[in-house]
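**Student:** My questions will all concern the structure given below.
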Amino acid sequence: GAEVSDLGILPDDPRSTADALGGIGTRFDLVLSSGAVSMGGKDHIRGALEAAGGTVQGWRVAIKPGKPVMFGQLG
1 GAEVSDLGIL PDDPRSTADA LGGIGTRFDL VLSSGAVSMG GKDHIRGALE
51 AAGGTVQGWR VAIKPGKPVM FGQLG
C-alpha cells in the first residue's frame, strides 16, 4: 500500500514551484507533477527542481506515444 498526499495546485511560477519542492524535504518517496515539464516558457519544473537542490536524471525521454516527461532526484 501507499499513502497519497495532494499538495494542491501551485501558482504557475518558478519560485513557487521551487519553494514547494524545497519544502518537501524527505517526506515523500515520489512526487508527480502533471504539468510544467515540456519546453515552453511556463514549463519550469526542471529549473525549480535544480533550484531546490535536486538533480535531473532524465529529460525529454523519448516515449511514443506519450507526452513530455522528466525524472529527477531531490534529497
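Each residue of the sequence shown is one higher than the last, beginning at 1 in full-length UniProt numbering. Just so it is clear, CB atoms sit at the ideal spot from N, CA and C, and this is done for glycine as well.
In this structure, does DSSP put residue 23 in helix, strand or coil?
**Tutor:** Residue state, collapsed to three classes: helix.
**Student:** Excluding the 5 residues preceding and the 5 following residue 73 in the sequence, name in chain order all residues of the same chain whose CB lies nearer than 7 Å to its CB.
**Tutor:** So the list reads 54, 55 and 57, once near-sequence residues are dropped.
**Student:** Provide the residue(s) that pair with residue 82 in DSSP beta bridges, ordered along the chain.
**Tutor:** Past the boundaries of the shown model lies residue 82; the chain is included only from 1 to 75, so the question cannot be answered.
**Student:** Sort 67, 48, 1 and 24 by Cα distance to residue 7 and report the nearest one.
**Tutor:** Of the listed residues, the one whose Cα sits closest to residue 7 is 24.
**Student:** With DSSP collapsed to three states, give me the class of residue 11.
**Tutor:** The answer is coil: DSSP assigns residue 11 none of H, G, I, E or B.
**Student:** Residues in its own chain within less than 6 Å of residue 33 by CB, not counting five upstream and five downstream?
**Tutor:** Around residue 33: 45.
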